[in-house]
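See below for the structure under consideration.
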Amino acid sequence: GAVVSQHPSWVICKSGTSVKIECRSLDFQATTMFWYRQFPKQSLMLMATSNEGSKATYEQGVEKDKFLINHASLTLSTLTVTSAHPEDSSFYICSARRGGTLSGNTIYFGEGSWLTVV
Amino acid sequence: SQQGEEDPQALSIQEGENATMNCSYKTSINNLQWYRQNSGRGLVHLILIRSNEREKHSGRLRVTLDTSKKSSSLLITASRAADTASYFCATDANQAGTALIFGKGTTLSVSS
């Protein structure tokens, strides 16, 4: 079963509003989670690294004031798209690294969230 | 950020044929992973090859890794229409706090 859960799977919001996407690690603690964005017919681009209890680290070109990341617990990171515009419409997907297992340091992905801004 | 290129960007073949996709990367890695993504869906992990491995098999999949050339290839043998999807390589430094970095992907279309 899924070990990283993302919610919602899809969301439609009006331009100018904010929308929050949640990423949960279901049966392990994740001190670090990662957020990606994928535009149609393109690859996944790393947006930011979410660190539990501290500020997120954003990739070059990603506006930290627009894409707010909060990682308040070891099992939950949230991405809030503020003042959304149609160009923010995209597939957002999170991942978490699970360490200390027999299978090694494995990364798991959420199911992804489709955001459409109208 | 992205590691590098995948080629071809798009590949169209007939059922039963083999499909080969290539991936190049730029930095040092601990392992390289291949994922499949059906249109509009999430990622499906296919196979992981470690930096000290040169070749790995899983069913109809064969992955090679050449760390001296910083390149990898994914071969799908006896392709099926259900293999139609986008395929991405992703490099992993396998360190706490580091993310997978994806290549640009290859879109595979298998017609029956």
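Quick mapping for you: the protein sequence lines, in order, are chains Z and G. Numbered per the numbering used here, the first sequence spans residues 17 to 134. Numbered per the numbering used here, the second sequence spans residues 81 to 192. Using N, Cα and C, we set each Cβ at its ideal position, and we do this for glycine too.
CB contact check: residue i to chain Z, cutoff 8 Å
i: residue 129 (chain G); result: no
Closer than 8 Å to chain G by CB, residue i
i: residue 21 (chain Z); result: no
i: residue 50 (chain Z); result: yes
i: residue 123 (chain Z); result: yes
Listed by chain order, chain Z residues near residue i by CB distance under 9 Å
i: residue 183 (chain G); result: 59
Amino acids of chain G, ordered along the chain, whose beta-carbon sits closer than 7 Å to that of residue i
i: residue 127 (chain Z); result: 122
i: residue 55 (chain Z); result: Chain G residues near residue 55 (chain Z): none, gap ~12 Å exceeds 7 Å.
Pairwise C-alpha distance: residue j and residue i
i: residue 119 (chain G); j: residue 176 (chain G); result: 31 Å
i: residue 56 (chain Z); j: residue 188 (chain G); result: 15 Å
i: residue 80 (chain Z); j: residue 114 (chain G); result: 30 Å
i: residue 156 (chain G); j: residue 31 (chain Z); result: 43 Å
Problem set entry | Interfacial residues, the stretch 86-112 of chain G to chain Z, with Cβ spacing under 8 Å | none
Problem set entry | Interfacial residues, the stretch 100-116 of chain Z to chain G, with Cβ spacing under 9 Å | 107, 109, 111, 113, 115
Problem set entry | Selection of the stretch 157-179 of chain G by Cβ proximity to chain Z, strictly under 9 Å | 166, 168, 170, 172, 174, 175, 176, 177, 178, 179
Problem set entry | Residues of the stretch 59-90 of chain Z with Cβ closer than 8 Å to any Cβ of chain A, in chain order | The structure shown contains no chain A; the protein chains it does contain are Z and G.
Problem set entry | Inside the stretch 27-81 of chain Z only - alpha helix (DSSP H) runs reaching at least 4 residues | none
For this session: Please go through the stretch 82-127 of chain Z and give each complete beta strand (DSSP E) segment of 3 or more residues, from N-terminal end onward.
Result: 83-89, 92-97, 106-117, 120-125
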